[in-house]
Every structure is written in structure tokens, then in C-alpha cells.
Amino acid sequence: MMYGDPQQQHQQPGGDFLRGPPPPPPMMRQLSASSTTLNPADYHHPSSALGPPLPPYDAHGDNFGAKRMRKLTQRRTVDYTSTVVRYMQIRMWQRDSRDKTALQPTSAAAIDMLPTTAYSDNPSTSFAAKFVHTSLNKNRCSINRVLWTPNGRRLITGSQSGEFTLWNGQSFNFEMILQAHDQAIRSMVWSHNDNWMVSGDDGGAIKYWQSNMNNVKANKSAHKESVRDVSFCRTDLKFCSCSDDTTVKVWDFARCYEERSLTGHGWDVKSVDWHPTKSLLVSGGKDNLVKLWDAKTGRELCSFHGHKNTVLCVKWNQNGNWVLTAGKDQIIKLYDIRAMKELESFRGHHKDVTALAWHPSHEEYFVSGSFDGSIFHWLVGHEIPQIEVTSAHDNSVWDLAWHPIGYLLCSGSNDHTTKFWCRNRPGDTARDKFNMGQNQGYGEQNPALAGRLPGNFPLPEPPTTPGPFAVGLTRNEGTIPGVGAAMPLAIPSLDASGSLPVPSSMSASHPLQTGPMGMQGSMNPMVPPMPQSHFMGMNPMHSGSLSTSAAPPVGGFPNSLPNMQGPSNATGNQMYPQGGPFNRPQGGQMPMMPGFNPYQSGSQSGMPPPLPPGPPPHSQTPQ
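Right, here's the structure in full:
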């Protein structure tokens, strides 16, 4: 019988024949291994022996070097493209800031956000205080310098180990690392034409880098000590550097040749910056001085003596008139070179101010970093910080750098981390731990309520009825320590139901209130005893009470006050028996007279006549 005979293929072992057309030959019925309709469990090669199917693939088992499956994690991305596209669409018909759409405090308004340069009249929209991401190297070491690439796509960090690390500027993931220097990197700067980068290290070496991170030149003996800072001139033909060897040097960039050495500082020079348009240098050092230099002649022009300790950072503003300085005296100073005098001092840091950065779009907005890990946001004209991120890092902040667009802020710290901060979107609340409790007046239910923590952790509400502020009890706002508990303050515009009516007989301040035990003196032993010779206008313990319009007779009551329990002789501080209920004074009861001072003995103005002589009424011993 030939291969593929229909009788052989169509006949079953029992001799019965199946109805229908004959099946195709076995070789024609075999599918390829790449077919998507093939069941892998049933597939086998014709030449292979039949057997049980292979076990399923175990991603966590030992597969002898096979690539293991990684857990899928969501990475946050902050992209500025949509804001730029939106700005390009609307700037055709916008005359000025009056035509801009006002952003509503809802998440739906995020599509109307514009880049920071569109809000030049309102720098508060660019406060980058919202935490985004933390980047950490495998080799844990201090991050001394952070610098964005000119196109803003990557961030370059210079570490204590001499390495350059490149991080993605939108998703903040790791991209590349290279050993750039033999010692710790202390300074980095890009040229204005965006083609070259210059870096300096602790050994005094200066290196040139292209935009592809190719090292083209190295000057190993540029300085004798650590190169603390470098800065380019506007034409990129020259750059300057400062060092701990007390000198500021001007270099020819093309030849890497030292042209001048400025030796006016008597100690280490910690920072230097070239003027945005002029041949003018500013430097600050360990001699507490800020100096201005003429880069052409090398002559010292001026010295500012405003700081009381080492000047750690100096920065020119892009307007060319302001220079910002900061140092170990915890003060930031702003100088105007047109008048050669100090314009403003910014105080708020509690440790050395180690880093400064002007915003690229807003002339009056800058940020500062401190030795205690805090980052403050400032506006020129306001001496107090606008935003305080007190726990931005666990250690000192060594450098701050703004994204070229101005929507991201990067910080490098001695805690080995690089952190990214962005501006808030419309409707965002400060929920991260760095801003917890920093902003006043937060409240998701009612933004006008102050003192609430962000998120779902509101502070406990004050009690609706006042009580004595003993140990463990909260004291209402407006209470005078040592006197008693005051009425809770209510804001009618926020909570009309919580406001309390003022008694009709009250013509001045609120009366002193009693606690659950009757008088504040029974709960607080620090309160002096009330004078027993005066009538205390407290709420009586009995149902009857004196009318406010009924004054006592001239000679006093003949026997005792009707339906009124007076003070007891058994204890001087206790005015009423313990255990009495708390009752608020009402309109028909005698309140505390205006002008009464419990700390002053004797007669006072506006006080009722004293009690008549004789034994006090109801002088039984309290139980």
C-alpha cells in the first residue's frame, strides 16, 4: 500500500471506516512552530518521541542565567511639551497678560497651563515646591554639583567620587555614568553657545567636555587647590575660575591659557560669577568679602563688607544690576551695582546658606539651599520666604539648578540623593511629607479654615463648650493663661450654627466662664483667691436668680442673699461646692461686671456694694 493511501489513513484499528472525506496526509497537517493558532502543549516534532508536555515557565525559578521577569512599576513623568504647544497656539491673539485665561483651582484646568515665561507678571505660579522624584546612584556619595543640559533633556550630576551621572529630564530614570575626574567634582558650567562644558575638581584640574560627554582637553595644574567655581563670559571666548588657593583666574578658552590671576582675596575664594553682558566679575570668599573685578585689567573695583562670615555663593541676576550673595552667617544679601549699596537682606535660614539659583524667567524669584537640608523660595521685595521646605534633604544642600524652561528645580545634597521639584497643577494640594504643615490656611473642606494639615489628617476641632484647660485638655483660642477658659471663637461666615449669642446684659468683654467643677479656682491652684468681700456675678446653683435690674438695698440684705449660695469660709479658693453643674450666664442673670480685675483687691470702679457684715449665708461645711 502506498504512502498516503486513503484506505490506510481512513481505517481505524477496529476495522470500521469513518464517514466523510478522508483527512489530509500527516505532513500536510503539520503547522509551523511560529503559528499563532498552534497550541504549544499539543505541538511536537514528527521525529521527536511522544511524551508528557514540558512544565510551564517559572519566572522566579533557576533557569541557568535566563533573563528574569521584572516587576512592572509606574514611573512619573513631568513633560512641558503640552504647555509650550498651548502657548504657541494662543500667543497669536494675546496682547498681554490681560488676555490670559485665569486658571481655576480644578484638575480639569491643567490643559490650560502655560510655560513659566507666560506668567512673567505672577512669579507665584512658578514656585517649584512640589516633590516629584528622588534619583540615587548605586555608588553612594555626595552630589556636589547639578547641571541641566542646554536642551533640558538630561541632568548631569557631579559627585564626590568624580563621576558624571546623566538622568532623564522627564521620567528621571538613569541613562549613563562615566568617570570624569580622579577626585571630587566641585564645579561645572555650560558655555552660552551650548557646545562646551567646563568642570573642575578637588585636585585643581579643569577639563573641557563636548555635548556628547567627550573629554577633549584637561589642564591638570590649573589651580593648586580645589577649583570651587567656574563661569563663562558672554562671548564664550574666556572663562574665570576660583580656588581655595586664594586666587581668581581669567582663562582664554581656545588655548586654555591663563591670562590674569586676581589675588585680592586674603583667603579661600568660594564662588565667582561673570556678569551677563559686561567684563565684570564678582567673587566671594572666606575673608567675608564680596569683591567686584575688572576682567580686562584685573583691577579690584569694589568690596562689600556686609557679611559677617564666609561668603559661600554669589550669583548675578540676568538684568545685570543685581548680585545675590549668601554665606555662613545665614543671611542672603542683594546688592545693586548701580548704587553700589545693599538693597535687601533675606533672613530665615537657621544654618549656612550653601546654594543660590535665580529663576530663568522671573527676574525677582530665586531659591536658596541650606546646610540643614532646607530649601526656601524668595521674592525680591519680601524679606521673609514665600515657601519653606524645611526637610527637603536629610543633609546639606550643595547645589540647585533650574530647568531651562523653568518648570523644574533640581537639588543635589550631601545625603547622596538628587531630587526633582515641580510647580503645582491647578487644584493640587501639598500632600507630600516635605510640605506637610508648611502652608497656612489649608483645608480641603473649607480653604478659609486655617491650621489644618493637608490631606485626610485634620487637626481636632475645638470643643463646642469651654472647659478648664487642665492637663490633657485643649485650650480655646483667646484664653488667658491662668485665668480660665474663654468662649470658643466662631467665624459667622464659616459656621453660623456654632456662633453663640451674646448675653443682653453684657456691655464689654466676655465674662469669665467656669469649668465643670463650678469655678476656675477649684481646678487651677495658681489662680489667686477671689476677694470674698465682693459679689461675684456667677450663675447661682439654684433655680432662682436675681434680676440684673434689681440692685441690692443700700443697707444690704438683712439676713442672706435670697436663693443665692455665697462663698464658704471652709476653703478660701472655693466659691461653690464641688460637683455643681456648669451653666452659662444667660440674659436674666448677673454677669461679671465690666472692668473687674480678680488680681486687684479693694474697691474697683463699676463694682457692686460689698456683702453685709456677719456670717456668710449658707455657711455649712461642704461635703
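In full-length UniProt numbering, the protein residues as written are 1 to 623. Where a beta carbon is used, it is the ideal one built from N, C-alpha and C, also for glycine.
DSSP beta-bridge partners for residue i?
i: D294; result: L280
i: residue 626; result: In the structure as shown, the chain begins at 1 and stops at 623. Residue 626 is therefore absent and cannot be evaluated.
i: M176; result: L166
i: W93; result: None, per the DSSP bridge assignment.
i: I185; result: D201
i: L136; result: T417
i: residue 630; result: There is no way to answer for residue 630, as the model of the chain reaches only from 1 to 623.
i: A357; result: V367
i: W190; result: M197
Helix, strand or coil for residue i? Go by DSSP, reduced to three states.
i: D336; result: strand
i: D112; result: helix
i: I384; result: coil
i: S107; result: helix
i: V84; result: helix
i: S124; result: helix
i: R255; result: coil
i: Y119; result: helix
i: L449; result: The predicted model places L449 with a pLDDT of 31, which falls under 50 and marks its position as unreliable; any figure quoted below should be read in that light. If DSSP states are grouped into helix, strand and coil, L449 belongs with coil.
i: D273; result: strand
i: M530; result: Only weak support is given to the placement of M530: the predicted model assigns it a pLDDT of 44, under 50, and the value that follows is read from those uncertain coordinates. DSSP places M530 in coil when its eight states are reduced to three.
i: D99; result: helix
i: Q210; result: strand
i: H403; result: coil
i: N215; result: strand
i: S161; result: coil
i: N144; result: strand
i: D428; result: coil
i: G412; result: strand
i: C242; result: strand
i: H350; result: coil
i: K224; result: coil
i: C233; result: coil
i: W196; result: strand
i: V78; result: coil
i: R154; result: strand
i: G285; result: strand
i: H307; result: coil
i: S396; result: coil
i: W267; result: coil
Output yes or no for whether 9 Å exceeds the beta carbon distance between residue i and residue j.
i: Y407; j: P115; result: yes
i: F172; j: R423; result: no
i: K351; j: H393; result: no
i: residue 648; j: L301; result: Given that the chain is displayed from residue 1 to residue 623, the structure contains no residue 648 and the question cannot be resolved.
i: S226; j: R186; result: yes
i: residue 666; j: P404; result: Residue 666 lies beyond the stretch modelled for the chain, which goes from 1 to 623, so this question has no answer here.
i: G266; j: W293; result: no
i: T297; j: R234; result: no
i: C141; j: S159; result: yes
i: V367; j: L400; result: yes
i: I143; j: T134; result: no
i: S396; j: G427; result: no
i: W421; j: W358; result: no
i: V248; j: F239; result: no
i: I331; j: K308; result: yes
i: G285; j: S241; result: no
i: V250; j: L281; result: yes
In or out: residue i buried (at least 16 other Cβ within 10 Å) or exposed?
i: N219; result: buried
i: Y257; result: exposed
i: A102; result: exposed
i: K270; result: buried
i: V216; result: exposed
i: A551; result: With a pLDDT of 47 at A551, under the threshold of 50, the predicted position of this residue should be treated as unreliable, though the coordinate-derived value follows. By the 10 Å Cβ count, A551 comes out exposed.
i: K291; result: buried
i: K138; result: exposed
i: S191; result: buried
i: K71; result: exposed
i: A254; result: exposed
i: R145; result: buried
i: I375; result: buried
Just to check my reading of the structure: residue i and residue j have Cβ atoms closer than 8 Å, yes? What is that Cβ distance to the nearest angstrom?
i: N319; j: I337; result: Their Cβ separation, rounded to whole angstroms, is 11 Å, which puts N319 and I337 out of contact at 8 Å.
i: E163; j: L178; result: 7 Å
i: D268; j: D236; result: Not quite, the Cβ-Cβ distance comes to about 27 Å (not below 8 Å), so this is no contact.
i: C313; j: L356; result: 5 Å
i: Q170; j: D79; result: 5 Å
i: T354; j: W398; result: 6 Å
i: L136; j: C410; result: Their Cβ separation, rounded to whole angstroms, is 14 Å, which puts L136 and C410 out of contact at 8 Å.
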